[in-house]
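Numbering (the numbering used here), first residue to last: 227 to 563. All C-beta atoms, glycine included, are put in the ideal place defined by N, C-alpha and C. Each remark here refers to the structure printed beneath this line.
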Ligand SMILES: Cc1cc2nc3c(=O)[nH]c(=O)nc-3n(C[C@H](O)[C@H](O)[C@H](O)COP(=O)(O)OP(=O)(O)OC[C@H]3O[C@@H](n4cnc5c(N)ncnc54)[C@H](O)[C@@H]3O)c2cc1C
């Protein structure tokens, strides 16, 4: 187990915010995690937070407590049939390396989720999604430890209550369970999912269906064109969630803005937050060292030495402008700390 005091989180958040936490603990297995939880329970005053790769976090100040990070690695096939495998993955495994490994081994389903930053544990918390696939469609079980007691508990897929970028671990069980392993059901046969936007031309250009490697490479190419590489420009990907508005509100909006993009969604009509932000004139603009990406208005960026407070301030201004012009509240996807 590694324990550091007064520790810099610069390497642990993709926004590249230079803050410190009072204590940083990386455990290597469930027993070390239990010991850590016991220690945290004894010191009830200081807050704690479990992070993964820090790609969905915005630190607005030094963190006044303990940051926990998993050191549980490993990939193991625990069930196999002619059609599929059940792959058990340690929470600390890098997400994109996992996708690459699965494509190489002929284990299919994750290709569309290529190049999403972060770790396997968080994939099950966040219900990551891209190009028409959400990871929940592949998750069979999530192994956790209960924070209060240190007991192991396995959540079956349906108990995870997955929704758009959310799960039970972000809602009623927030802060109550730590994910140690995720079990993914992956197919031995490849069924390309390429009906989504930019992936469509993979089927139109070729007579043969694409291979899993071709889909992965295409996703990587599109993402590199559209999104900043966190190694070069700090960001947390999509900063806001795409709002879902009522049919009547949408119709009123559409009469003023005939070309507004929209998609049917559970509970109403989904409108791309990036479009709303762009219409308010924010694309490519900056406020101090915080900016809006010139190619994707949904992505807020660190132009070099932004503080988390500067990025938070920019996000508030954007929310105000979108609310004033469209009467729509944008909710951050990113966790503010
Ligand atoms: C350039 C860029 C592009 C992105 N593109 C996408 C995209 O296409 N689709 C998408 O869905 N997301 C995208 N994201 C967002 C982000 O990558 C995902 O939300 C990712 O799952 C976060 O993983 P992480 O390991 O960095 O988690 P963190 O950001 O560290 O944490 C996220 C949440 O998970 C919790 N958590 C982390 N690990 C555990 C654990 N073991 N147990 C319990 N709770 C835990 C944290 O407390 C926090 O609430 C993008 C981000 C960036 C920077």
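* Contact between the segment 366 to 378 and the segment 451 to 466 (3+ Cβ pairs under 8 Å) -> no
* To do: Could I get the ranges of all uninterrupted alpha helix (DSSP H) runs contained in the segment 508 to 560, with 4 residues as the minimum, in chain order?
  => 534 to 552
* residue 339 and residue 325: beta carbons closer than 8 Å? -> The residue you call residue 339 lines up with position 113 of the chain shown. The residue you call residue 325 lines up with position 99 of the chain shown. Taking 8 Å as the Cβ cut-off, residue 339 and residue 325 qualify as a contacting pair.
* Taking Cβ positions, are residue 471 and residue 495 nearer each other than 8 Å? -> In the chain shown, residue 471 corresponds to position 245, counting from 1. In the chain shown, residue 495 corresponds to position 269, counting from 1. Contact flag set, yes.
* Asked: Is it the case that the Cβ atoms of residue 318 and residue 289 are separated by a distance below 8 Å?
  -> The count along the chain shown starts at 1 and reaches residue 318 at position 92. The count along the chain shown starts at 1 and reaches residue 289 at position 63. Contact: no.
* Asked: Which residues does DSSP pair with residue 320 in a beta bridge?
  -> Looking up residue 320 in the chain shown gives position 94. Answer is 345, bridged to residue 320.
* **Through-space distance from residue 448 to residue 568, alpha-carbon basis** => No answer is possible for residue 568: it lies beyond the span of the chain, which begins at 227 and ends at 563.
* Nearest CA to the CA of residue 359: which residue from 304, 418 and 301? -> Here residue 359 refers to the residue found at position 133 of the chain shown. Ranking 304, 418 and 301 by Cα distance to residue 359 puts 418 first.
* Residue range of the unbroken alpha helix (DSSP H) whose run includes residue 457 -> In the chain shown, counting from the first residue as 1, residue 457 sits at position 231. That residue, residue 457, is in no alpha helix (DSSP H); it is neither H nor E in DSSP.
* Under 6 Å Cβ to Cβ from residue 314, same chain only, skipping five residues before and after it: list those, please. => The sequence position of residue 314 within the chain shown is 88, counting from 1. Closer than 6 Å at the Cβ level, and outside the excluded window around residue 314, lie 302, 304, 407 and 409.
* To do: Keeping to the same chain, check which residues put their C-beta closer than 6 Å to that of residue 244; ignore five residues upstream and five downstream.
  => Mapped onto the chain shown, residue 244 falls at position 18. Cβ within range, chain order: 236.
* Counting only the same chain and skipping the five closest in sequence on each side, list residues whose C-beta sits under 7 Å from that of residue 444. => As a first step, residue 444 must be located in the chain shown, where it is residue number 218. So the qualifying residues of the chain are 425 and 428.
* Which whole-angstrom value describes the C-beta separation of residue 335 and residue 364, a residue pair presumed to lie in contact below a C-beta threshold of 8 Å? -> To locate residue 335, count along the chain shown from 1; it is residue 109. To locate residue 364, count along the chain shown from 1; it is residue 138. Correct: roughly 5 Å between the Cβ atoms.
* Asked: Does DSSP put residue 427 in a helix, a strand or coil?
  -> Taking the chain shown and counting its residues from 1, one reaches residue 427 at position 201. DSSP places residue 427 in helix when its eight states are reduced to three.
* **Closer than 7 Å: residue 367 CB and nearest ligand 1 heavy atom** => If you number the chain shown from 1, residue 367 lands on position 141. It does not: the Cβ of residue 367 is nowhere closer than 7 Å to a heavy atom of ligand 1.
* Buried or exposed: residue 293, going by 16 or more other Cβ atoms within 10 Å of its Cβ? -> Working through the chain shown from its first residue, we reach residue 293 at position 67. Burial call: buried.
* Asked: Is it right to say residue 562 is buried, meaning 16 or more other beta carbons lie within 10 angstroms of its own, or is it exposed?
  -> Indexing the chain shown from 1 puts residue 562 at position 336. The residue in question, residue 562, is exposed, as its Cβ has fewer than 16 Cβ neighbours within 10 Å.
* Mark residue 378 as exposed unless 16 or more other C-beta atoms lie within 10 angstroms of its C-beta, in which case mark it buried. => The residue given as residue 378 occupies position 152 in the chain shown. With fewer than 16 Cβ atoms within 10 Å of its Cβ, residue 378 is classed as exposed.
* Decide if residue 367 is buried, meaning its Cβ has at least 16 other Cβ atoms within 10 Å, or exposed. => For the purposes of this step, residue 367 is taken as residue 141 along the chain shown, with counting starting at 1. So residue 367 counts as buried.
* Can you check DSSP and say which residues form a bridge with residue 334? => Working through the chain shown from its first residue, we reach residue 334 at position 108. Its beta-bridge partners are 413.
* Is there contact between the segment 511 to 527 and the segment 455 to 475, where contact requires at least three CB pairs shorter than 8 Å? -> yes
* Beta carbon of residue 516, beta carbon of residue 537: below 8 Å? -> As a first step, residue 516 is located in the chain shown; it is residue number 290 there, counting from the start. As a first step, residue 537 is located in the chain shown; it is residue number 311 there, counting from the start. Contact flag set, yes.
* To do: Locate the alpha helix (DSSP H) running through residue 263, then write down its first and last residues.
  => Residue 263 sits at position 37 when you count from the first residue of the chain shown. Looking at the DSSP string, the run of the alpha helix (DSSP H) that includes residue 263 is 256 to 268.
* Terminal residues of the continuous beta strand (DSSP E) containing residue 372? -> Taking the chain shown and counting its residues from 1, one reaches residue 372 at position 146. Element bounds for residue 372: 365 to 372.
* Can you check DSSP and say which residues form a bridge with residue 237? => Position 11 of the chain shown, counting from 1, holds the residue named residue 237. DSSP lists no partner for residue 237.
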